[in-house]
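Under my numbering, think of the first position of the sequence shown as 32, with each following residue one higher.
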Amino acid sequence: MEEEAQQKYLEYQMLNNQVRQLMQEIQSMEQQVKELEMLVEGVEELGKAKAGTEILSSLGGGIYVKTTLTNNNEILINSGARIMTTKTRDEAKALLSEQLEQVKKVVAQMQADFQGGVQRLVVLESDLKKAQKK
């Protein structure tokens, strides 16, 4: 009986670590969702601006530069290895929306896994308390 309790305790410790790590990953993915939502919104707002409008362009890291918009329908997207691909505003929005939906699905699955892990932890904790009382 004591060996079974030790196994459950080890399982509890391992699962507890996994659940904590999963929670951190969920938070990171939720941040990615927010960033993608902001990008989709930014692409939509870009469509409302007219050529010649002064806008702020991000250089990254919270640094911006004032620029003049010359074309609000073409967007350059980094497709990897410093290769830029030109997309229309609608194509860029569709691409970002697709990425957003994929990330949301991953987050939903991770949250389900998290809930399953938490439920298993509750059962293990209950079993361990019962074993201690014996």
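Just so you know, even glycine gets a beta-carbon here, dropped at the ideal spot from N, CA and C.
Quick caveat: nothing in here was measured; it's all calculated off a predicted structure.
Three-way DSSP call (helix, strand, coil) for residue i in this model
i	result
Leu70	helix
Gly91	strand
Lys81	coil
Ile57	helix
Contacting residues, own chain, Cβ-Cβ under 8 Å from residue i (five flanking each side not counted)
i	result
Arg120	Val74, Leu77, Gly78, Asn103, Asn104, Glu105, Ile106
Glu156	Tyr43
Where the beta strand (DSSP E) containing residue i begins and where it ends
i	result
Leu107	105–109
8 Å contact criterion, which residue i and residue j should meet: CB distance rounded
i	j	result
Ser128	Val71	6 Å
Thr101	Ile108	Not quite, the Cβ-Cβ distance comes to about 18 Å (not below 8 Å), so this is no contact.
Ala36	Ala162	4 Å
Residue burial classification, residue i (beta-carbon count within 10 angstroms, cutoff 16)
i	result
Ala123	buried
Lys160	exposed
Lys118	buried
Leu67	buried
Span of the alpha helix (DSSP H) around residue i
i	result
Leu100	No alpha helix (DSSP H) contains Leu100, which DSSP labels as neither H nor E.
Ala139	120–164
7 Å Cβ shell around residue i - same chain, five flanking residues per side excluded
i	result
Asn47	Leu152
Gln142	Ile57
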